[in-house]
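Asker:
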Amino acid sequence: MSKHFLRQFFELESSTYTYLLADLTTKEALIIDPVVNTVERDAKIIQQLGLQLRYALNTHIHADHITGSGKLKTLFPGCQSIISNVSGAKADIYIKDGDLIKIGESGKTPIILECRSTPGHTNGCTCFIWHDYGAIFTGDTLLIRGCGRTDFQQGNADQLYTSIHTKIFTLPEYYKVYPAHDYTGQTCSTILEEKKYNPRLTKLREEFIDIMTNLKLCYPKQIDKAVPANLLCGLQNDIE
1 MSKHFLRQFF ELESSTYTYL LADLTTKEAL IIDPVVNTVE RDAKIIQQLG LQLRYALNTH
61 IHADHITGSG KLKTLFPGCQ SIISNVSGAK ADIYIKDGDL IKIGESGKTP IILECRSTPG
121 HTNGCTCFIW HDYGAIFTGD TLLIRGCGRT DFQQGNADQL YTSIHTKIFT LPEYYKVYPA
181 HDYTGQTCST ILEEKKYNPR LTKLREEFID IMTNLKLCYP KQIDKAVPAN LLCGLQNDIE
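The sequence shown maps to residues 1 to 240 in full-length UniProt numbering.
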């Protein structure tokens, strides 16, 4: 029987994936990219499984939804929020490239996530790599057959191309890719698939930059509300 637990949740309005990881021996857990709209659902699962939520991680300052970190902290008083030290957001714990996040340390096989800085979508974008499981949680940096946009929030297509090719595509090709969003119903991918079939990232750098410059995407409908709230990393209990 596996001593580790991974559950993927979906939030419909922003097409966001949230991930719950737990060590079933110690019952310690962490959650990645929680959404305020679905905190009650996620908290119910955590409580039903008898888990102790230690950390709420955000891969970056989201522009399409408000993080559930603050609400989770009110429901689970021992929970601490985590975000990149260059994100500009408030949090309990700040991480940088190469840091490790651990839960279940008192057990035989703790869950260890490597923090890997991947700027380009935003300055503070961070991917979390679970080497023992062969998985990476990519936030908006790398999506399934796509990537995060670069036309706002410190976006930089050249930087994003470098981040993906040097920090993500250098992982073993069998590693699973778990993104923060998908808009077509897919739940995960692999490093190999994205290296071979991602229509943007199979291009040379100059063509990639041109593609990203000319996407002509709509202005995110929640950005004016989400970004100010997420700069607080959900620590303000009265955020609606």
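Yeah, the Cβ is synthetic: ideal placement off N, Cα and C, and Gly gets one too.
(1) To the nearest angstrom, how far is the alpha carbon of leucine 160 from that of leucine 142?
(2) Where does glutamine 153 land, buried or exposed, given buried means 16+ other C-beta within 10 angstroms?
(3) CA-CA distance, alanine 91 and glutamine 80?
(4) Please list, in chain order, all residues of the same chain as glutamate 13 whose beta carbon is under 8 Å from its beta carbon, the five residues on each side excluded.
(5) With 16 as the cutoff for other CB atoms within 10 Å, does leucine 41 come out buried or exposed?
(6) Are the C-beta atoms of alanine 43 and some chain C residue less than 7 Å apart?
(7) Give me, in chain order, the residues of the same chain whose beta-carbon lies closer than 7 Å to that of asparagine 230; leave out the 5 immediate sequence neighbours on both sides.
(8) Determine the DSSP secondary structure at histidine 131, reduced to helix, strand or coil.
(9) What residues match up with tyrosine 178 in a beta bridge as DSSP calls it?
(10) Tell me which same chain residues have a C-beta within less than 6 Å of the C-beta of glutamate 28, skipping the five on either side of it?
(11) Bridge partners of glycine 146, per DSSP?
(12) Any idea if serine 106 is buried or exposed, counting beta-carbon neighbours within 10 angstroms, 16 or more meaning buried?
(13) State the CB to CB distance for the pair cysteine 188 and lysine 176, rounded to an integer number of angstroms; the pair is presumed to be in contact (CB under 8 Å).
(14) By Cβ distance, which residues of its chain are closer than 8 Å to isoleucine 82, with the 5 residues on each side in sequence left out?
(15) Alpha carbons only, please: which of Leu6, Ser15, Lys3 is nearest the one belonging to glutamine 186?
(16) In chain order, what residues of the same chain have a beta carbon less than 8 Å from the beta carbon of proline 172, not counting five sequence neighbours either side?
(17) Cβ atoms of arginine 116 and residue 302: under 7 Å apart, would you say?
(18) Whole angstroms is fine: what's the gap from aspartate 140's alpha carbon to glycine 78's?
Answerer: Straight from the coordinates:
(1) 9 Å
(2) buried
(3) Distance between the alpha carbons of alanine 91 and glutamine 80 is about 8 Å.
(4) Asn37, His65
(5) Here residue 41 turns out to be arginine, not leucine, going by the sequence shown. By the neighbour-count rule (16 or more Cβ atoms within 10 Å), arginine 41 is not buried but exposed.
(6) This model lacks chain C altogether, as it is built from one protein chain only.
(7) Ile61, His62, Ile66, Thr67, Ala89
(8) coil
(9) Phe137
(10) Gln52, Arg54, Ile103, Gly104
(11) Answer is Leu143, bridged to glycine 146.
(12) exposed
(13) That belief holds up - the Cβ atoms of cysteine 188 and lysine 176 are roughly 5 Å apart, short of 8 Å.
(14) If we look at isoleucine 82 and ignore the five residues flanking it on each side, its Cβ neighbours are Tyr55, Ala56, Leu57, Asn58, Ala91, Asp92, Ile93, Tyr94, Ile95, Ile101.
(15) Checking every option, the nearest Cα to that of glutamine 186 belongs to Ser15.
(16) Gly134, Ile191
(17) Nothing about residue 302 can be read from this structure; the chain reaches only from 1 to 240.
(18) Each residue's Cα considered, the two are about 28 Å apart.
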